[in-house]
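K.L.:
Using full-length UniProt numbering, the first residue of the sequence shown is number 1, and each one after it goes up by one.
Built from N, CA and C at the ideal position, the CB exists for glycine as well.
Please read through the structure below; I'll follow up with questions.
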Amino acid sequence: MAINSESDALPIHVYIRVIGGKWKPEILWFLRKGPVRFGELMKLIPGITQVTLTKNLRELEADGIVIRTVFPEIPPRVEYSLTEFGESVFPVLDAISAWGRRFFRYKKEIPEE
């Protein structure tokens, strides 16, 4: 979902709309190491459908997080990669991942009621 103005949402809501959801963090995680083709992303992300991957990539592209590069070859080759701004999401995703690991440890220490 494209965010067009600061008045659309509070900053944390903007982050959640642009980067949140079930699939976008995982898509970004695999794009972190460099350009990836669509079919490769399909293989890397179990359970995602072609329609869902396409929709998420288009949204990330519209928001300036991902760039789609079409190579003039036969058959056509398309790669997805992060924009420079898209790369700026990783300190946040790394912090969320670290928090998730701490949360799992925390939940293991709490006796069930």
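#1: Quick one: Cα of residue 22 to Cα of residue 96, how far?
#2: With DSSP as the reference, identify every bridge partner of residue 69, one or two as the case may be.
#3: Could you compute how far the alpha carbon of residue 62 sits from the alpha carbon of residue 108?
#4: Quick check for students: name the residue ranges of the beta strand (DSSP E) that lie wholly in the UniProt domain "HTH hxlR-type" (10-108), counting only runs of 3 or more.
#5: Got a sec? Which residues, its chain only, sit under 8 Å from residue 20 by beta carbon, not counting five neighbours each side?
#6: When you compare the CB positions of residue 35 and residue 79, do they come within less than 8 Å of one another, or not?
P.N.:
In short:
#1: 14 Å
#2: According to DSSP, residue 69 bridges with 79.
#3: Going from the Cα of residue 62 to the Cα of residue 108 covers about 40 Å.
#4: 66-71 and 77-82
#5: none
#6: yes
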